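Participant: I have a structure here, written as C-alpha coordinates, and I will follow up with some questions on it.
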Amino acid sequence: MADLSIDVFWSFRSPWSYLATPRLVEWAEAYDLEVRFRPVYPIAIRTPEFFSNLHPQWFDYFQLDMVRVAAYLDLPFVWPDPDPVVTEPGSAPPKFPAEQPYIHRLTRLGVLAEERGRGIRFANEVSSLLWSGTKNWHEDAHLADAAARADLDLAELDSIARADADRLTGMIEQNQEDHAAVGHWGVPTCAFNGEPFFGQDRLDVLLWRLEQAGLQQR
(Lines of atoms letter the chains of each structure in order from A and count residues from 1; the text may use other names and numbers.)
(Lines give C-alpha, C1' and ligand atoms only; values in the text may rest on other atoms or scores of the structure.)
Protein backbone atom coordinates (compact mmCIF):
# COMPACT_ATOMS: atom_id res chain seq x y z
CA MET A 1 0.00 0.00 0.00
CA ALA A 2 1.16 3.53 -0.77
CA ASP A 3 2.59 5.56 2.10
CA LEU A 4 0.38 8.58 1.34
CA SER A 5 -3.20 8.85 0.15
CA ILE A 6 -5.66 11.46 -1.08
CA ASP A 7 -9.44 11.40 -1.40
CA VAL A 8 -10.75 12.78 -4.68
CA PHE A 9 -14.33 14.07 -4.52
CA TRP A 10 -15.37 14.20 -8.15
CA SER A 11 -18.42 14.46 -10.45
CA PHE A 12 -19.08 13.01 -13.90
CA ARG A 13 -20.81 16.26 -14.91
CA SER A 14 -18.02 18.58 -13.80
CA PRO A 15 -15.77 19.92 -16.56
CA TRP A 16 -13.21 20.81 -13.90
CA SER A 17 -13.20 17.21 -12.67
CA TYR A 18 -12.56 16.04 -16.22
CA LEU A 19 -9.74 18.53 -16.70
CA ALA A 20 -8.02 17.45 -13.47
CA THR A 21 -8.21 13.70 -13.97
CA PRO A 22 -5.33 12.98 -16.37
CA ARG A 23 -2.92 14.52 -13.85
CA LEU A 24 -4.37 12.45 -11.03
CA VAL A 25 -3.91 9.29 -13.10
CA GLU A 26 -0.31 10.31 -13.74
CA TRP A 27 0.25 10.80 -10.01
CA ALA A 28 -1.19 7.38 -9.20
CA GLU A 29 1.26 5.83 -11.65
CA ALA A 30 4.33 7.96 -10.93
CA TYR A 31 4.22 8.35 -7.15
CA ASP A 32 3.89 6.13 -4.12
CA LEU A 33 0.42 7.57 -3.63
CA GLU A 34 -3.02 6.04 -3.19
CA VAL A 35 -5.59 8.07 -5.15
CA ARG A 36 -8.98 7.21 -3.66
CA PHE A 37 -11.78 8.04 -6.09
CA ARG A 38 -14.86 9.30 -4.21
CA PRO A 39 -17.60 10.10 -6.76
CA VAL A 40 -20.41 12.45 -5.74
CA TYR A 41 -23.46 13.73 -7.53
CA PRO A 42 -23.04 17.07 -9.32
CA ILE A 43 -24.24 20.27 -7.70
CA ALA A 44 -27.31 20.24 -9.97
CA ILE A 45 -28.45 17.13 -8.08
CA ARG A 46 -27.02 17.89 -4.62
CA THR A 47 -27.93 21.60 -4.49
CA PRO A 48 -30.17 22.51 -7.44
CA GLU A 49 -31.06 25.89 -5.91
CA PHE A 50 -27.44 26.92 -6.59
CA PHE A 51 -28.46 27.94 -10.10
CA SER A 52 -31.19 30.29 -8.85
CA ASN A 53 -28.75 32.67 -7.17
CA LEU A 54 -25.93 33.14 -9.65
CA HIS A 55 -24.35 36.46 -10.55
CA PRO A 56 -25.51 37.49 -14.07
CA GLN A 57 -21.94 37.24 -15.37
CA TRP A 58 -21.29 33.78 -13.89
CA PHE A 59 -22.29 31.63 -16.84
CA ASP A 60 -20.45 33.65 -19.51
CA TYR A 61 -17.22 33.53 -17.52
CA PHE A 62 -17.74 29.84 -16.73
CA GLN A 63 -18.01 29.06 -20.44
CA LEU A 64 -15.00 31.16 -21.35
CA ASP A 65 -12.79 29.77 -18.63
CA MET A 66 -13.50 26.07 -19.05
CA VAL A 67 -12.78 26.26 -22.80
CA ARG A 68 -9.64 28.29 -22.15
CA VAL A 69 -8.30 25.90 -19.50
CA ALA A 70 -8.99 22.88 -21.74
CA ALA A 71 -6.98 24.55 -24.52
CA TYR A 72 -4.19 25.35 -22.06
CA LEU A 73 -4.07 21.70 -20.96
CA ASP A 74 -4.35 20.52 -24.59
CA LEU A 75 -7.45 18.48 -23.85
CA PRO A 76 -10.49 18.17 -26.15
CA PHE A 77 -13.57 19.91 -24.83
CA VAL A 78 -17.20 19.63 -25.94
CA TRP A 79 -20.16 19.69 -23.56
CA PRO A 80 -21.50 16.11 -23.33
CA ASP A 81 -24.40 15.11 -25.57
CA PRO A 82 -26.56 14.00 -23.88
CA ASP A 83 -25.84 16.01 -20.76
CA PRO A 84 -25.26 13.58 -17.86
CA VAL A 85 -27.87 15.58 -15.92
CA VAL A 86 -31.33 15.81 -17.48
CA THR A 87 -32.77 19.34 -17.38
CA GLU A 88 -36.40 20.33 -17.93
CA PRO A 89 -36.57 21.93 -21.41
CA GLY A 90 -36.79 25.71 -21.38
CA SER A 91 -36.53 26.07 -17.62
CA ALA A 92 -34.75 29.20 -16.41
CA PRO A 93 -33.20 28.91 -13.93
CA PRO A 94 -32.71 25.25 -14.81
CA LYS A 95 -34.88 22.62 -13.15
CA PHE A 96 -33.83 19.03 -12.80
CA PRO A 97 -36.42 16.22 -12.75
CA ALA A 98 -36.15 13.42 -10.23
CA GLU A 99 -35.62 10.85 -12.98
CA GLN A 100 -31.90 11.03 -13.75
CA PRO A 101 -30.86 7.85 -15.60
CA TYR A 102 -27.41 8.97 -16.72
CA ILE A 103 -25.82 10.54 -13.66
CA HIS A 104 -27.10 7.89 -11.25
CA ARG A 105 -25.77 5.12 -13.46
CA LEU A 106 -22.38 6.75 -13.99
CA THR A 107 -21.87 7.58 -10.33
CA ARG A 108 -22.77 4.08 -9.16
CA LEU A 109 -20.42 2.63 -11.77
CA GLY A 110 -17.71 4.91 -10.43
CA VAL A 111 -18.17 3.52 -6.91
CA LEU A 112 -17.91 -0.02 -8.23
CA ALA A 113 -14.79 0.84 -10.23
CA GLU A 114 -13.14 2.20 -7.10
CA GLU A 115 -14.03 -0.98 -5.20
CA ARG A 116 -12.06 -2.84 -7.86
CA GLY A 117 -9.05 -0.55 -7.54
CA ARG A 118 -9.62 1.18 -10.87
CA GLY A 119 -11.68 4.19 -9.86
CA ILE A 120 -9.49 7.03 -11.11
CA ARG A 121 -8.68 5.15 -14.32
CA PHE A 122 -12.37 4.55 -14.96
CA ALA A 123 -13.10 8.23 -14.25
CA ASN A 124 -10.43 9.28 -16.71
CA GLU A 125 -11.66 7.02 -19.50
CA VAL A 126 -15.34 7.84 -19.06
CA SER A 127 -14.87 11.57 -18.60
CA SER A 128 -12.65 11.64 -21.69
CA LEU A 129 -15.45 9.92 -23.58
CA LEU A 130 -18.08 12.37 -22.33
CA TRP A 131 -16.13 15.59 -22.81
CA SER A 132 -14.27 14.87 -26.06
CA GLY A 133 -17.28 15.24 -28.35
CA THR A 134 -18.60 11.68 -28.62
CA LYS A 135 -22.27 12.18 -29.42
CA ASN A 136 -24.65 9.69 -27.78
CA TRP A 137 -21.87 8.45 -25.53
CA HIS A 138 -24.44 6.30 -23.69
CA GLU A 139 -25.28 4.20 -26.76
CA ASP A 140 -23.56 1.47 -28.76
CA ALA A 141 -20.25 0.29 -27.29
CA HIS A 142 -18.87 3.67 -26.22
CA LEU A 143 -19.13 3.15 -22.47
CA ALA A 144 -18.20 -0.51 -22.69
CA ASP A 145 -15.03 0.37 -24.58
CA ALA A 146 -14.15 3.08 -22.04
CA ALA A 147 -14.63 0.61 -19.19
CA ALA A 148 -12.51 -1.97 -21.00
CA ARG A 149 -9.67 0.55 -21.29
CA ALA A 150 -9.78 0.68 -17.49
CA ASP A 151 -9.74 -3.15 -17.38
CA LEU A 152 -13.39 -3.36 -16.34
CA ASP A 153 -16.43 -5.17 -17.76
CA LEU A 154 -19.31 -2.72 -18.18
CA ALA A 155 -21.99 -5.43 -18.42
CA GLU A 156 -20.84 -6.92 -15.14
CA LEU A 157 -20.73 -3.52 -13.43
CA ASP A 158 -24.17 -2.53 -14.73
CA SER A 159 -25.65 -5.79 -13.46
CA ILE A 160 -24.20 -5.24 -10.00
CA ALA A 161 -25.23 -1.56 -10.02
CA ARG A 162 -28.86 -2.49 -10.66
CA ALA A 163 -28.92 -5.25 -8.05
CA ASP A 164 -27.03 -3.26 -5.43
CA ALA A 165 -28.43 0.22 -6.07
CA ASP A 166 -29.36 0.95 -2.45
CA ARG A 167 -25.90 0.12 -1.11
CA LEU A 168 -24.19 2.15 -3.82
CA THR A 169 -26.48 5.12 -3.25
CA GLY A 170 -25.58 4.96 0.43
CA MET A 171 -21.89 5.04 -0.44
CA ILE A 172 -22.38 8.05 -2.70
CA GLU A 173 -24.23 9.82 0.10
CA GLN A 174 -21.38 8.99 2.47
CA ASN A 175 -18.93 10.44 -0.03
CA GLN A 176 -21.00 13.61 -0.08
CA GLU A 177 -21.02 13.83 3.71
CA ASP A 178 -17.27 13.31 3.84
CA HIS A 179 -16.82 15.88 1.07
CA ALA A 180 -18.69 18.49 3.11
CA ALA A 181 -16.87 17.52 6.30
CA VAL A 182 -13.46 18.15 4.75
CA GLY A 183 -14.39 21.76 4.15
CA HIS A 184 -15.69 22.30 0.61
CA TRP A 185 -18.71 21.68 -1.59
CA GLY A 186 -17.28 21.97 -5.12
CA VAL A 187 -15.61 19.43 -7.35
CA PRO A 188 -13.00 18.35 -7.83
CA THR A 189 -11.90 18.59 -4.22
CA CYS A 190 -8.88 16.58 -3.15
CA ALA A 191 -8.43 15.98 0.56
CA PHE A 192 -5.11 15.21 2.22
CA ASN A 193 -4.80 14.86 6.00
CA GLY A 194 -8.09 16.72 6.44
CA GLU A 195 -7.02 19.65 4.26
CA PRO A 196 -9.15 20.44 1.16
CA PHE A 197 -7.71 21.47 -2.19
CA PHE A 198 -10.56 22.63 -4.42
CA GLY A 199 -10.27 22.85 -8.18
CA GLN A 200 -8.03 21.57 -10.93
CA ASP A 201 -5.95 24.71 -10.44
CA ARG A 202 -4.93 23.63 -6.92
CA LEU A 203 -3.31 20.36 -7.94
CA ASP A 204 0.16 21.92 -8.00
CA VAL A 205 -0.38 23.19 -4.47
CA LEU A 206 -1.54 19.74 -3.39
CA LEU A 207 1.53 18.14 -4.96
CA TRP A 208 3.71 20.60 -3.05
CA ARG A 209 1.94 19.63 0.19
CA LEU A 210 2.39 15.93 -0.57
CA GLU A 211 6.09 16.47 -1.24
CA GLN A 212 6.35 18.26 2.11
CA ALA A 213 4.90 15.10 3.65
CA GLY A 214 7.52 12.91 1.98
CA LEU A 215 5.92 11.88 -1.31
CA GLN A 216 8.24 9.61 -3.27
CA GLN A 217 8.30 8.46 -6.86
CA ARG A 218 7.64 4.79 -7.47
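Take 12 as the starting number for the sequence shown in the numbering used here and just add one per residue. Glycine is no exception: its CB is placed at the ideal position from the N, C-alpha and C atoms. Quick caveat, the model's predicted, so the values are computed rather than measured.
Going by DSSP, what residues sit across from Gln228 in a beta bridge?
Facilitator: The partner list for Gln228 (beta bridge, DSSP) reads Tyr42.
Participant: Start and end of the alpha helix (DSSP H) containing Thr180?
Facilitator: Unbroken alpha helix (DSSP H) run through Thr180: Ala176 to Val193.
Participant: Let me check one thing: in DSSP terms, what residues is Trp21 bridge-paired to?
Facilitator: Pro50.
Participant: Helix, strand or coil for Ala202? Go by DSSP, reduced to three states.
Facilitator: Reduced to three states, the DSSP call for Ala202 is strand.
Participant: Looking at the secondary structure, which residues open and close the alpha helix (DSSP H) in which Arg116 lies?
Facilitator: Per DSSP, Arg116 belongs to the alpha helix (DSSP H) from Pro112 to Glu126.
Participant: Taking the alpha carbon of Arg213 as the reference point, which residue from Gly225, Ala224, Gln223 and Pro199 has its own alpha carbon closest?
Facilitator: It is Pro199.
Participant: Between the C-alpha atoms of Ala124 and Val80, what's the straight-line distance to the nearest angstrom?
Facilitator: So the two alpha carbons sit approximately 27 Å from each other.
Participant: Once DSSP output is grouped into helix, strand and coil, what is the label at Pro108?
Facilitator: Three-state result, Pro108: coil.
Participant: Roughly how many angstroms lie between the CA atoms of Val24 and His190, to the nearest whole one?
Facilitator: According to the sequence provided, residue 24 is Arg. The question's Val does not apply to it. Whole-angstrom Cα-Cα distance: 16 Å.
Participant: When the Cα of Phe2 is compared with those of Leu84, His149 and Pro104, which residue comes out closest?
Facilitator: Examination of residue 2 is not possible in this model, given that the chain is present from 12 through 229 alone.
Participant: Do Val46 and Ile131 have their C-beta atoms closer together than 9 Å?
Facilitator: Cβ atoms of Val46 and Ile131: closer than 9 Å.
Participant: Along the alpha helix (DSSP H) that carries His149, what are the first and last residues, could you check?
Facilitator: Run containing His149: none; DSSP gives neither H nor E here.
Participant: Spell out a yes or no on whether the stretch 62-81 and the stretch 26-39 are touching, meaning 3 or more CB-CB pairs, one atom from each, closer than 8 Å.
Facilitator: Because the criterion of three Cβ pairs below 8 Å is met, the stretch 62-81 and the stretch 26-39 touch.
Participant: By the DSSP assignment, the alpha helix (DSSP H) with Arg137 in it spans what residues?
Facilitator: Residue identity differs from the one stated: residue 137 is Val in this sequence, not Arg. Residues Gly130 to Trp142.
Participant: Classify Gly121 as buried or exposed, calling it buried when 16 or more other Cβ atoms lie within 10 Å of its own Cβ.
Facilitator: Classification of Gly121: buried, given that the 10 Å Cβ count is 16 or more.
Participant: Could you please give the first and the last residue of the uninterrupted alpha helix (DSSP H) stretch that includes Gln74?
Facilitator: Where Gln74 is concerned, the enclosing alpha helix (DSSP H) stretches over Trp69 to Tyr83.
Participant: So, with DSSP's three-state summary, where would you put Pro26?
Facilitator: Helix, per DSSP.
Participant: Taking only the alpha-carbon atoms, compute the straight-line gap between Ala172 and Gln74 and give it to the nearest angstrom.
Facilitator: Roughly 33 Å separates the two Cα atoms.
Participant: Rounded to the nearest angstrom, what separates Phe107 and Gln228 at their Cα positions?
Facilitator: C-alpha separation (whole angstroms): 44 Å.
Participant: Examine the Cβ distances between the stretch 159-174 and the stretch 82-99 and report whether three or more of them are shorter than 8 Å.
Facilitator: Result no; under three Cβ-Cβ pairs closer than 8 Å.
Participant: Can you tell me whether DSSP reads Ser102 as helix, strand or coil?
Facilitator: DSSP places Ser102 in coil when its eight states are reduced to three.
Participant: Please return the same chain residues whose Cβ sits closer than 7 Å to the Cβ of Trp38, not counting the five positions on each side in sequence.
Facilitator: Cβ neighbours of Trp38 beyond the five flanking positions: Leu44 and Val46.
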